[in-house]
Each structure stands twice: as C-alpha cells, then as structure tokens.
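Peer 1: Structure in structure tokens, see below.
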Ligand SMILES: [Zn+2]
C-alpha cells in the first residue's frame, strides 16, 4: 500500500483528516508498517506491532504485561479486528484475564479497540488521563459519524482529479488514495458494529498498579503529543511504553504541544529505563534509544525556539502562520534534521518533509497564540 497512512496518523481525526484531500503532503510516501510483528521483550512482556489498516490509517503499538495475578495492556489499536486478534494472542500467552487497559492518548489508532477488550474481559478497567478520557468521549462519535462523508470526499477527489485545495491529484498520489478508498468500505463495516468503550478510570498525575510481583506505574509526565499523554513504566523490566510522545524513526508530529514536549521528553529520559516502546515503529533500546529521544527533544527545542523568536519579532497574529512558517524554514536546518531522523530512506525522508516538518511548526505556532 502506498501511504497516506502515517500522514493520517495519530492526530488524525481533526485537522489532518479535514485536510486529507487538500494537502499534497498527506499523500507523500512514508515508512509504513506492512507486517504484524510480535516481540517478547522480557518474561511476560510482549509488544505487538500492527500493519496499517486498509484505509491507510496507521495502528499504534500494543504492549502486554503479564503479572502473577493480572494482565495489563497498553493501547487497543485502531481496527476492532486487530484488537480481537491481539486478544486471541494474549489468551495463548496466559489464562489470566486482562484486568487493565491503558490508553496512552486519545488518538483513534490507539483506542478504538477498547470495546473489544471490554467485551472479552468483563472485569476490565480502562485507564486514561482525565484529558484523554474527555477527548475519547468527545471525539469518537464524530469520527464514526463523519467516516462515510470523508469517503465521499475522497471519491470526489479521485473522480475529478482535483484536491480540495484546488490542486491536481498527481499520478504519484493517485494509487495510494485509490487503495485507501478501496479499503474504507471494510473499515466502515467494522466501525458500524464496534462496541466502543470510554475509559472508566481516570488519573491526573500517576497511578501505581500491582499485577502480582510486578509493579506498573502509569504516569503523566506532561503534555507533548496530546493533552493527556501517558507513559507506562515497568520498573522490574526497566522499560517504558511512551505512546506517541516518541515514534520511530520519524516523529508523528502534526499537532500537540511541542513547547511542553521538550520538557516531557527530558522527564522521560530521567526514568530508569533501558527499553522504550514507541507509539509507532521499532522498539528503542539502550543508548541508541535514549539518543533518539534526545534527538527528538533537541529538534523540538530548535523549532520552538525559532518559532518563538519569529513570533516575538513579527507580532502575535494567528493569521500570520504562512509568514512565520516561511521564516522558520530559513532559520531551522530542516534538511539536517531530516537526515538525522530518516537517514537515506526515501520514504522516511518524504514523510519527514510531509508531516512533522510542517506539523511541528504549526503546532508550535498555535501554542504562541494564547501566551
Ligand atoms: Zn499513533
């Protein structure tokens, strides 16, 4: 599948989806995930990586932590069918029921499978930061309600060859859009029968769970990718699931709070962890893993510092985004950052240019409005 996948990403649902048929960058090739992969990280701890959905939407990583008494799962995926497959897999690993499901944030690719877990495990508690619970409760109904409308909009783009912004759909963009369009019927059918479930346990700072000889700390270290970003730390295994505060190799930043994320990532680096499970992509281990997070922190620090300085110079006017973006493009060495994140991988390079490069500037600019 060509990708418009990651571009939809995590933040999707809101601005990016609305822009779907309008923005060329949304169809840039990217480092998509095509295969289902399971990694055993430690005794009783597994990570499941999911292929992108047939509609091109990415699916977040899922982590499973098994204690002597209880099982905890981090993130429930985008497709209900993927969540059901994970549940079947978990039942092969253990006969203990899943007692806790944590949503790292509200984005659809991390939580639409909640209802499948609730149906499979009647004693389940779904845990989320208060802000995450609020956004799931607020956004999910509209997402399902607008799904068919967006399908029609994509069809119109394919039929007319003109995107919403008036630009032509290029030959390079068309195959990915056609494939995603073809996949939307099946996904819509899945959504029509998904039971859905909003988190029923909320926290604001931290929550410590005992799974039986295995402690798990559910922590809000601060905002970054979303208002309720949550990480799940397993001290005995020295690992932490980061949600989309960290992705690998290229960050999914198209919204969020980049000024805050600099600080939140610094706190993440202070946890006594050697393994980092990103929201998307490969598991990050040891010093290279820490270096990747530090790189992301430094990238965000660079862009936010420049955005701040430019807004100070030009004045604070929400209508000036394009002017600010043009200035940031001159003062931030994006090509060098792209090389650091994407190396020589063309798909990752294109994804960097198409998604986080404008995304972090836009998100940082939005954060300067209210200050
Ligand atoms: Zn995500």
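Residue numbers (my numbering): 16 to 386. Ideal Cβ placement from N, Cα and C applies to all residues, glycine included.
How about residue 188: is its C-beta nearer than 9 Å to some C-beta of chain C?
Peer 2: Here there is only one protein chain, and chain C is not present.
Peer 1: Kindly list the residues whose CB is nearer than 8 Å to the CB of residue 289, restricted to its own chain and excluding five residues on each side of it in sequence; keep chain order.
Peer 2: Counting only Cβ-Cβ distances below 8 Å, and skipping sequence neighbours, we find 253, 254, 300, 301, 304.
Peer 1: Assess, as a yes-or-no matter, whether the region 265 to 276 is touched by the region 233 to 240 under the definition of 3 or more beta carbon pairs within less than 8 Å.
Peer 2: The region 233 to 240 vs the region 265 to 276: in contact.
Peer 1: Rounding to the nearest angstrom, what Cα-Cα distance links residue 53 and residue 62 in this structure?
Peer 2: Approximately 6 Å between the Cα atoms of the pair.
Peer 1: Please confirm whether residue 160 and residue 151 have their CB atoms less than 9 Å apart.
Peer 2: In this structure, residue 151 does not lie closer than 9 Å to residue 160 by Cβ.
Peer 1: Write down the C-beta distance between residue 119 and residue 258 rounded to the nearest angstrom, noting that I regard them as a contact closer than 8 Å.
Peer 2: Between residue 258 and residue 119 the Cβ distance is about 3 Å, and since that is below 8 Å, they are a contact.
Peer 1: When DSSP labels each residue in this structure, what does residue 216 get in the three-state scheme?
Peer 2: Three-state result, residue 216: strand.
Peer 1: Please report the residue range of the beta strand (DSSP E) in which residue 221 lies.
Peer 2: From DSSP, the beta strand (DSSP E) with residue 221 extends over 221 to 225.
Peer 1: Would you check whether ligand 1 has a heavy atom nearer than 8 Å to the C-beta of residue 73?
Peer 2: Because some heavy atom of ligand 1 lies under 8 Å away, the Cβ of residue 73 counts as near it: yes.
Peer 1: When the Cα atoms are used, what is the spatial distance from residue 125 to residue 158?
Peer 2: Spanning the two alpha carbons is a distance of roughly 14 Å.
Peer 1: Rounding to the nearest angstrom, what Cα-Cα distance links residue 219 and residue 381 in this structure?
Peer 2: Roughly 24 Å between the two C-alpha positions.
Peer 1: Quick one: is the Cβ of residue 82 within less than 8 Å of any heavy atom of ligand 1?
Peer 2: False, no ligand heavy atom lies under 8 Å from that Cβ.
Peer 1: Less than 9 Å separating the beta-carbons of residue 78 and residue 256?
Peer 2: In this structure, residue 256 lies closer than 9 Å to residue 78 by Cβ.
Peer 1: Look at residue 88 and residue 105 and say whether their C-beta atoms are less than 9 Å apart.
Peer 2: Yes.
Peer 1: Can you grab the Cα-Cα spacing for the pair residue 222 / residue 164, in whole Å?
Peer 2: Near 39 Å, if we compare the C-alpha coordinates of residue 164 and residue 222.
Peer 1: Judging by CA-CA distance, which residue of 319, 331, 333 is the nearest neighbour of residue 347?
Peer 2: Checked all of 319, 331, 333; the closest Cα to residue 347 is 319.
Peer 1: Counting along the chain, where does the beta strand (DSSP E) carrying residue 140 start and finish?
Peer 2: Looking at the DSSP string, the run of the beta strand (DSSP E) that includes residue 140 is 140 to 144.
Peer 1: Please report the Cβ distance between residue 129 and residue 294, rounded to the nearest whole angstrom; I am assuming they are in contact, meaning their Cβ atoms lie under 8 Å.
Peer 2: Not quite, the Cβ-Cβ distance comes to about 16 Å (not below 8 Å), so this is no contact.
Peer 1: Of the residues 377, 191, 162, which one's Cα is nearest the Cα of residue 173?
Peer 2: For residue 173, the nearest C-alpha among the options comes from 191.
Peer 1: What I want to know is whether the C-beta of residue 262 ends up closer than 8 Å to one or more non-hydrogen atoms of ligand 1.
Peer 2: Yes, the beta carbon of residue 262 sits closer than 8 Å to at least one heavy atom of ligand 1.
Peer 1: Please indicate yes or no: does the CB of residue 235 lie closer than 8 Å to some heavy atom of ligand 1?
Peer 2: No; taking the cut-off as 8 Å, the Cβ of residue 235 has no heavy atom of ligand 1 nearer than that.
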